[in-house]
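Participant:
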Amino acid sequence: MSLTREENKTRHDLGRDEFVRREWDWKNQKGDRIYHQLRKVGGSYDWDRTTFTMDESICRVGCLLTQNLCKRLSECTRKVSSTELTDWSTGPVLSTLPYLILRYIVQQAKDHTDYHTVTWYKWLRNSKDWCISRQLWRGHRIPAYFVQIQGQPKAEV
1 MSLTREENKT
11 RHDLGRDEFV
21 RREWDWKNQK
31 GDRIYHQLRK
41 VGGSYDWDRT
51 TFTMDESICR
61 VGCLLTQNLC
71 KRLSECTRKV
81 SSTELTDWST
91 GPVLSTLPYL
101 ILRYIVQQAK
111 DHTDYHTVTW
121 YKWLRNSKDW
131 CISRQLWRGH
141 RIPAYFVQIQ
151 GQPKAEV
């Protein structure tokens, strides 16, 4: 469904809750068709364990912060010199977006695999920091807040 084409609206017109509700409706309507197509082209997966990227059972973003796998939002600056897909120069850009620091996860992951070792290590060698902000609108909210305690200066959590 194209919101702009069919209703002349954007996701901002709907608001986050309505937009996410419509995503789930779409997933419920189209999800089985996608799995059927994957089977038809020869996909051999563990079909009993399929999940949707927004299923609560697979997304525990809060763990990223509590296990120190994510920088505090106030510490996040990143210089970007080229775009990921085109390699065209965009010049240095400061960003305050939160990034998942993969080097911590990569080291732990290296210690836990025997199956598809070559493919796994290739992915780990080529991994890039993952911009969590990609999930802020469509996905799961990150538990980061500004706290104001009466009589105390503002503190970041």
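Going by the UniProt record's numbering, the sequence shown opens with residue 1, and the numbers climb by one from there.
Cβ coordinates follow ideal geometry from the N, Cα and C atoms, glycine included.
As the structure is a computational prediction, the values presented were derived from the model and not from experiment.
1. Kindly list the residues whose CB is nearer than 7 Å to the CB of Ala-109, restricted to its own chain and excluding five residues on each side of it in sequence; keep chain order.
2. Can you tell me whether DSSP reads Asp-13 as helix, strand or coil?
3. In angstroms with no decimal places, state the Cα-to-Cα distance between residue 183 and Asp-46.
4. So what does DSSP say about Thr-119, is it helix, strand or coil?
5. Does DSSP put Phe-52 in a helix, in a strand, or in coil?
6. Kindly indicate which three-state DSSP category Asp-46 falls into: helix, strand or coil?
7. Kindly list the residues whose CB is nearer than 8 Å to the CB of Lys-122, restricted to its own chain and excluding five residues on each side of it in sequence; keep chain order.
8. Might you give, ordered along the chain, the residues of its own chain that have their beta carbon closer than 6 Å to the beta carbon of Leu-3, omitting 5 neighbours on each side?
9. From this set, Asp-13, Val-41, Gly-31, which residue's C-alpha is nearest Asp-55's C-alpha?
10. Tell me which residues share the same chain as Val-106 and place their Cβ nearer than 8 Å to its Cβ, disregarding the 5 neighbours each side in the sequence.
11. Based on Cα-Cα distance, which residue from Thr-51, Gly-43, His-12, Ile-101 lies nearest to Trp-24?
Facilitator: Reading it off the structure:
1. Leu-124
2. helix
3. Coverage of the chain is limited to positions 1 through 157, which leaves residue 183 absent and any answer about it impossible.
4. helix
5. coil
6. coil
7. none
8. Lys-9
9. Gly-31
10. Leu-124, Ser-127
11. Thr-51
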